[in-house]
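> The structure is given below, and queries will be raised subsequently.
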Amino acid sequence: MKRTSAEMKMLAKTADALALVLPSVVLIVFLIGFWQVQCTVKQIPAWMLAKPSDIGVALISGFSETLPYLISTYSNILVGFLLAVVIGLALAILLTNVPLLAMAVTPMMVTLACVPMVTLVPLLLVLAGTGSTPKIVTIVVQCFAMVNMNACVGFMNVNPQRLELMQSMKATRYQQFRYCILRDAMPDIFTGIKLASILAMITGVSSEMSGGSGGLGNRISYLVGYSRTSEAFSCILYVAVLGLALYFAISLLEKKLTKGM
Amino acid sequence: MQPIITLEHLGKQYITKRQTITALDDVNMRFYPGELVSIVGPSGCGKSTIIRMIDDIIKPSSGTITVNGTVYDNQKPISRDMIRRLGFIFQIPNLYPWLTVRQNVTLPLEIMELNDSAHGEYADQLLNMIHLSDYANSYPREISGGMSQRIGVIRGMVHQPDILMMDEPFGALDDETREQLNLELLNIWRETGMTIIFITHNVEEAVLLSQRVYVMASHPGRVTADIKIEFDGPRTLDLINDPKFAAYCNQLETMIGKIELDQIV
């Protein structure tokens, strides 16, 4: 069968894409294979370390049972993360325009970014009950400082020549921000948002492990407690997939908003 | 004829903890409508500062600037109507990487709220004039340095200003591109009748383009001479072979050189 040139081009493109992912696929397959072989040959008991094949089975058979936990955890993480982004950015705009406020708030921001907020959960449980609220609050507090600090760096370090162009056109403060400062700071803003997304995943799941009820974190603790290791592993994989999905969605948005840079 | 821009006793001091640096001292200049005037001088003589003051990017410490009968000094900010009459072109292209070529060119229209179809058409006309219409939707990083500089030039005049200030716009380009852009600039000047203030440290460029040249010296920045440049024929690259061209260049070189020598001694 003869192929048209368009078809050939598509084939070549697919081949290129395959060549790009091939090394990582080979490595992953090798590592999982090694894990499987070691478990089988050395007869490691399942309660100690689950076989990849068992984890695979648990991933599929346990999906419908895990889904409610997944949804509750991921919705907490998304709500907390989005709130953190909004608060972090809004505060960055405020701080970079009011120097006195920045001087007052910055040390607190740095401290907030350094403290592991999971430790806050048991205290918040007392204050806010065992529902979603303490978890979302923990995620917001942990993540907004990261967004805020990076956005501030971006807003403060705008290319002076690009800003001078705005001044030569007598742009208003709002115009300067919209047409120059915000766009120039985009790479820094996205650095903060990406770091915050990772922090949100970690904080979201681990806050469920440190208290309260419901969610994947709780589920994992429970499964580990009953030595159901392959199911626990499958839950961890679900978390990984959700984390990656969030990260890639942000990367896609970043590509769009920093086009040309 | 009334000058379109008058600078009177213009001064600029930078006060630091240790000392007061006088960047500009008692600068007096006049620019007449439709003139193309160059300002030459050694680096650090404050020539860029002067046009930044006219464009109200930097405030003078003393003296006054009068543009078209309107005075502005270090107290009074310049009006929005006034800024629409001024165009500023930077030493580097200074394009925004996140905007396409055409978006970069029309940026001043958006900022100055001149976003009507007539101005949009003028932007396209300018792009066509510099032969870059095909690149209208490209991003700055996809085009060459010479192309970027051309775009920087037309961005400074897309709102059809009366007065165009150019801060060593072709300084970073190779000689061939520079000569070509010099000729394009002369064309634009003849067609639009703008008043152009051109900053350069290249005396050949100043002689080729200008009707008049202000010579400046540094430490402190001040005006040392005001020289008329007159040729019989039109301004083309053939002028370079005119003995008068060489004479003007020599005269300017000597003046700038002499000032620098004086300072060493």
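Chains A and B, in that order, give the protein sequences.
Just add 1460 to wherever you are in the first sequence, counting from 1, and you've got the working numbering.
Just add 1 to wherever you are in the second sequence, counting from 1, and you've got the working numbering.
Using N, Cα and C, we set each Cβ at its ideal position, and we do this for glycine too.
1. Considering just the uninterrupted stretch of the beta strand (DSSP E) at B/N29, what are its terminal residues?
2. Please report how far the alpha carbon of A/A1544 lies from the alpha carbon of A/I1653, in whole angstroms.
3. Are B/D61 and B/L11 touching if we call contact CB-CB under 8 Å?
4. From which residue to which residue does the beta strand (DSSP E) around B/D82 run?
5. Quick test of the definition: if touching needs 3 or more C-beta pairs under 8 Å, does the region 1683 to 1690 of chain A touch the region 1502 to 1520 of chain A?
6. Consider the Cβ of B/R179: report whether some Cβ of chain A lies at a distance smaller than 8 Å.
7. May I ask you to report which of helix, strand or coil DSSP gives B/F199?
8. Hey, is the region 149 to 162 of chain B in contact with the region 86 to 106 of chain B, meaning 3+ C-beta pairs nearer than 8 Å?
9. Closer than 6 Å by C-beta to A/V1601: which residues in its own chain qualify, once you throw out the five before and the five after it? Chain order, please.
10. Locate the beta strand (DSSP E) running through B/S63, then write down its first and last residues.
11. What does DSSP give as the partner residues of B/V224 in its beta bridges?
12. To the nearest angstrom, how far is the alpha carbon of B/Y19 from that of A/T1651?
13. For A/L1702 and A/Y1534, what's the separation of their Cα atoms in angstroms?
14. B/H10 lies in the beta strand (DSSP E); which residues open and close that run?
15. Between B/R142 and chain A, is the shortest Cβ-Cβ distance under 8 Å, so that the two count as touching?
16. Within the continuous beta strand (DSSP E) that includes B/I40, where are the two ends?
17. Would a check of beta-carbon distances place B/M113 closer than 8 Å to chain A?
18. Suppose you measure from the CA of B/A247 to the CA of B/I241; what does that come to, to the nearest Å?
19. For A/V1720, go through chain B and note every residue whose CB falls closer than 8 Å to its CB, in chain order.
20. Determine, for A/R1643, whether the minimum Cβ-Cβ distance to residues of chain B falls below 8 Å.
21. How would you label A/R1643, buried or exposed, when you count the other beta carbons within 10 angstroms and need 16 or more for buried?
22. By how many angstroms is the C-alpha of A/I1488 removed from the C-alpha of A/Y1682?
23. Mind checking which residues open and close the alpha helix (DSSP H) that includes A/M1606?
24. Determine whether the Cβ of B/P34 lies closer than 8 Å to any Cβ atom of chain A.
Answer, in terms of the structure:
1. 21 to 32 is the extent of the beta strand (DSSP E) around B/N29.
2. Between A/A1544 and A/I1653, the C-alpha separation is close to 9 Å.
3. Sequence inspection shows Pro at residue 61 of chain B; the Asp mentioned does not correspond to that position. The answer is yes: Cβ separation under 8 Å.
4. B/D82 -> not in any beta strand (DSSP E); alpha helix (DSSP H) instead, spanning 81 to 85.
5. Touching, per the Cβ criterion.
6. By this cut-off, B/R179 is not an interface position.
7. In the structure shown, B/F199 sits in a strand (DSSP, three-state: E or B).
8. Contact holds: three or more Cβ-Cβ distances are below 8 Å.
9. Within the same chain, A/V1601 has close Cβ partners M1577.
10. Looking at the DSSP string, the run of the beta strand (DSSP E) that includes B/S63 is 63 to 68.
11. According to DSSP, B/V224 bridges with B/M217.
12. Correcting the residue type first, residue 19 of chain B is Arg in the shown sequence and not Tyr. Each residue's alpha carbon lies about 40 Å from the other.
13. Spanning the two alpha carbons is a distance of roughly 8 Å.
14. Boundaries of the beta strand (DSSP E) around B/H10: 6 to 16.
15. Closer than 8 Å to some Cβ of chain A, the Cβ of B/R142 qualifies, so yes.
16. 37 to 41 is the span of the beta strand (DSSP E), which, as asked, contains B/I40.
17. Yes, because at least one Cβ of chain A sits closer than 8 Å to the Cβ of B/M113.
18. About 7 Å.
19. Looking at the sequence shown, residue 1720 of chain A is not Val but Gly. Those are P98, W99, L100, T101, Y140, P141, R142, listed as they occur along chain B.
20. Contacts with chain B at 8 Å (Cβ-Cβ) include A/R1643.
21. With 16 or more Cβ atoms within 10 Å of its Cβ, A/R1643 is classed as buried.
22. Our two residues, A/Y1682 and A/I1488, have alpha carbons roughly 28 Å apart in a direct line.
23. Here the alpha helix (DSSP H) through A/M1606 covers 1593 to 1616.
24. The Cβ of B/P34 sits no closer than 8 Å to any Cβ of chain A.
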